[in-house]
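Let me begin by presenting the structure, written as structure tokens, before commenting on it.
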Amino acid sequence: MNLEEFAAKLNVLKPAGVPIPEGVVCSTPKEASDAVARIGPSVVKAQVPTGKRGKSGGIKLANTPDEAATAARAIIGMSIAGHSVGRVLVEQQCAIARELYAAVLTDVGSRSPMVLFSTEGGMDIEEVAENKPAAIRRHVVDLSRGFGAADAAALIKGLDLGPAADAIADVLVRLYRIFSTKDAELVEINPLAVLKDGRVVALDCKFVLDDASAARQPELAKVASPPRMTALESRGAEHGLKFIQLDGNVGVLANGAGLTMTTMDVIDHCGGRPANFLEIGGEAYTKAEVALDLVLSNPGVKSLVINFCGAFARTDVMADGVVRAWKKLRPKVPVFFTIHGTGEDEAVKLVRDELGFEPYDLMEDAVKAAVEAAR
Numbered sequence: 001m002n003l004e005e006f007a008a009k010l011n012v013l014k015p016a017g018v019p020i021p022e023g024v025v026c027s028t029p030k031e032a033s034d035a036v037a038r039i040g041p042s043v044v045k046a047q048v049p050t051g052k053r054g055k056s057g058g059i060k061l062a063n064t065p066d067e068a069a070t071a072a073r074a075i076i077g078m079s080i081a082g083h084s085v086g087r088v089l090v091e092q093q094c095a096i097a098r099e100l101y102a103a104v105l106t107d108v109g110s111r112s113p114m115v116l117f118s119t120e121g122g123m124d125i126e127e128v129a130e131n132k133p134a135a136i137r138r139h140v141v142d143l144s145r146g147f148g149a150a151d152a153a154a155l156i157k158g159l160d161l162g163p164a165a166d167a168i169a170d171v172l173v174r175l176y177r178i179f180s181t182k183d184a185e186l187v188e189i190n191p192l193a194v195l196k197d198g199r200v201v202a203l204d205c206k207f208v209l210d211d212a213s214a215a216r217q218p219e220l221a222k223v224a225s226p227p228r229m230t231a232l233e234s235r236g237a238e239h240g241l242k243f244i245q246l247d248g249n250v251g252v253l254a255n256g257a258g259l260t261m262t263t264m265d266v267i268d269h270c271g272g273r274p275a276n277f278l279e280i281g282g283e284a285y286t287k288a289e290v291a292l293d294l295v296l297s298n299p300g301v302k303s304l305v306i307n308f309c310g311a312f313a314r315t316d317v318m319a320d321g322v323v324r325a326w327k328k329l330r331p332k333v334p335v336f337f338t339i340h341g342t343g344e345d346e347a348v349k350l351v352r353d354e355l356g357f358e359p360y361d362l363m364e365d366a367v368k369a370a371v372e373a374a375r
């Protein structure tokens with residue numbers, strides 16, 4: 001779940017003691033005009049749960065109430081990355097001396113929280129990571145120790161941050177506290193600004209709440225943006241299937257969430273990119289035709305891995321559903337089966353006899369073939 005900037009600042013940063021500028025959420029040009037009349041020269045910012053708002057024209061300066069109304073009129077109603085802008089944040093302009101970057105996220109490699117800091121703030125952090133990786137400092141957190149003031153001081157040591165260093169370290173500690181107590185997947189401030197008067201202020205905030213934590217964090221879940229689904233994801237939901245469309249080119253059809261995610265990991269390990277998450281375990285195996293059609297309707301799919309591992313669910317029953325769907329849909333993409341577990345012999349024979357495909361003995365070999373075919 002993503003929180004828009006204003007929701008993240010008001011519900012996450014401010015309660016945690018991270019300084020933020022004064023701001024007002026406005027839904028009309030009149031409200032924006034009134035806000036600037038009260039708080040002075042401001043920045044008018046589109047509120048959508050996505051980045052690159054500035055490049056899309058969704059952030060404008062307003063020095064007067066009239067300028068604020070004009071800016072709000074231009075921004076409200078526009079579309080940014082598929083999100084329709086319904087409101088703006090009118091936020092007091094700040095005299096910026098320096099822009100920094102700070103974040104806490106989960107490090108996939110260590111499976112631990114990682115605190116990030118860079119003096120290259122205000123920029124696309126992915127570009128910084130690619131072009132100047134040494135400009136990003138990282139601290140993998142030992143969960144048994146946490147992340148305290150000494151750790152933050154060590155992370156920014158030698159960066160010539162002047163008298164702002166202590167305040168920056170304090171923000172890093174507070175960010176980690178937010179991450180560890182609010183079930184966050186990501187909390188990011190870009191830019192974290194050092195102002196000309198010496199204050200350190202968060203000028204933006206991205207907060208992603210773990211979907212599974214909605215019950216533990218009801219107040220944050222309540223202010224999170226509703227999930228935006230693609231047309232295929234919506235169609236999957238209508239049929240009771242959890243389908244997540246990705247930007248890869250290797251389609252995935254497996255039984256069980258764990259096996260599906262494992263298959264996706266192996267695709268990534270083999271140098272490919274999964275095009276979706278979709279599992280047809282349990283009763284969902286009866287929806288093989290819908291499931292297969294969903295996967296194949298993704299225009300990015302160039303090959304397909306079908307990976308079944310049976311226990312209570314029989315692979316021959318699942319394979320029968322896929323065979324029927326395949327004959328009806330008659331897809332043209334290359335497909336690579338791998339089948340193991342209960343009903344394996346019958347399933348392999350069915351796929352071989354009815355479709356003419358020879359399932360692979362090893363999942364890795366099937367995935368490698370699919371990745372190669374997608375290139």
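Read in order, the letters of the sequence shown are residues 1 to 375 in the working numbering.
Cβ atoms here follow ideal geometry from the backbone N, Cα and C, with glycine treated the same way.
1) Please go through the same chain and pick out, in chain order, the residues whose beta-carbon is closer than 8 Å to the beta-carbon of Ile96, but skip the five residues on each side of it.
2) Could you tell me if Ala231 is buried or exposed, where buried requires 16 or more neighbouring beta carbons within 10 angstroms of its beta carbon?
3) Since Phe207 is in the beta strand (DSSP E), which residue starts that stretch and which ends it?
4) Compute the beta-carbon to beta-carbon distance between Ala35 and Met78, rounded to the nearest angstrom, for a pair I have assumed lies under 8 Å.
5) Starting from Thr262, follow the alpha helix (DSSP H) in both directions and report where the run begins and ends.
6) Distance, Cα to Cα, Ala103 vs Glu188?
7) Does Arg216 come out as helix, strand or coil in the three-state DSSP assignment?
8) With hydrogens ignored, establish whether the beta-carbon of Ala369 is closer than 6 Å to any heavy atom of the ligand MG.
9) Among the residues of its own chain, which have a CB less than 6 Å from the CB of Ala62, if the five just before and after it don't count?
10) For the pair the stretch 110-127 and the stretch 83-92, tell me if three or more CB-CB distances fall below 8 Å.
11) Does Ile280 come out as helix, strand or coil in the three-state DSSP assignment?
12) Mapping DSSP to helix, strand and coil, what is Pro29?
13) Could you give the C-beta distance for Leu292 and Ala325, rounded to a whole number, given that I count them as a contact under 8 Å?
14) Rounding to the nearest angstrom, what Cα-Cα distance links Val115 and Pro15 in this structure?
15) Can you say whether Asn131 is buried or exposed, counting buried as having 16 or more other CB atoms within 10 angstroms of its CB?
16) Which residues in the same chain as Val266 place their Cβ atom closer than 8 Å to its Cβ, once the five residues preceding and following it in sequence are excluded?
17) Any idea if Asp124 is buried or exposed, counting beta-carbon neighbours within 10 angstroms, 16 or more meaning buried?
18) Out of Ala184, Arg199, Ser110 and Ile306, which one is the CA nearest neighbour of Ala212?
19) So, are the CB atoms of Pro430 and Phe207 less than 7 Å apart?
The structure says:
1) In the sequence shown, the residue the question calls residue 96 occupies position 96. Scanning its chain for C-beta atoms nearer than 8 Å, with the 5 sequence neighbours on each side dropped, one finds around Ile96 the residues Pro191, Ala193, Val194, Leu195, Lys196 and Leu203, in chain order.
2) Position 231 of the sequence shown holds residue 231. Here Ala231 is exposed, its C-beta having fewer than 16 other C-beta atoms within 10 Å.
3) Here residue 207 refers to the residue found at position 207 of the sequence shown. For Phe207, the enclosing beta strand (DSSP E) covers residues Lys206 to Leu209.
4) Residue 35 sits at position 35 when you count from the first residue of the sequence shown. Residue 78 sits at position 78 when you count from the first residue of the sequence shown. The Cβ separation is near 19 Å, so there is no contact.
5) As a first step, residue 262 must be located in the sequence shown, where it is residue number 262. Segment Ala257 to His269, the alpha helix (DSSP H) holding Thr262.
6) Residue numbering aside, residue 103 sits at position 103 when the sequence shown is read from its first letter. Residue numbering aside, residue 188 sits at position 188 when the sequence shown is read from its first letter. Using only the alpha carbons, I get a separation of about 4 Å.
7) On the sequence shown, position 216 is the one that residue 216 refers to. It is coil, neither helix nor strand.
8) By its list of ligands, the structure shown contains no ligand whatsoever, and the ligand MG lies outside what it can speak to.
9) In the sequence shown, residue 62 corresponds to position 62, counting from 1. Val36, Ser42, Val44, Ala68 and Ala71.
10) Fewer than three beta-carbon pairs drawn from the stretch 110-127 and the stretch 83-92 are found closer than 8 Å, and the two stretches are therefore not classed as touching.
11) Against the sequence shown, residue 280 aligns to sequence position 280. Under the three-state reduction of DSSP, Ile280 is assigned to coil, being neither helix nor strand.
12) Translated into the one-based positions of the sequence shown, residue 29 becomes position 29. In the three-state reduction of the DSSP assignment, Pro29 falls in the helix class, which pools H, G and I.
13) Position 292 of the sequence shown, counted from the first residue, corresponds to residue 292. Position 325 of the sequence shown, counted from the first residue, corresponds to residue 325. Confirmed, about 4 Å.
14) Looking up residue 115 in the sequence shown gives position 115. Looking up residue 15 in the sequence shown gives position 15. Val115 and Pro15 have their C-alpha atoms some 20 Å from each other.
15) On the sequence shown, position 131 is the one that residue 131 refers to. The Cβ neighbour count for Asn131, taken over all protein chains shown within 10 Å, is under 16; the residue is labelled exposed.
16) The count along the sequence shown starts at 1 and reaches residue 266 at position 266. Cβ contact annotation for Val266 (same chain, cutoff 8 Å, sequence separation greater than five): Met363, Glu364 and Val367, in chain order.
17) Here residue 124 refers to the residue found at position 124 when the sequence shown is read from its first residue. By the neighbour-count rule (16 or more Cβ atoms within 10 Å), Asp124 is not buried but exposed.
18) What you label residue 212 is simply residue 212 of the sequence shown in a count that begins at 1. Nearest C-alpha to Ala212: Ala184.
19) Since the displayed the chain opens at 1 and closes at 375, residue 430 lies outside it and no answer follows.
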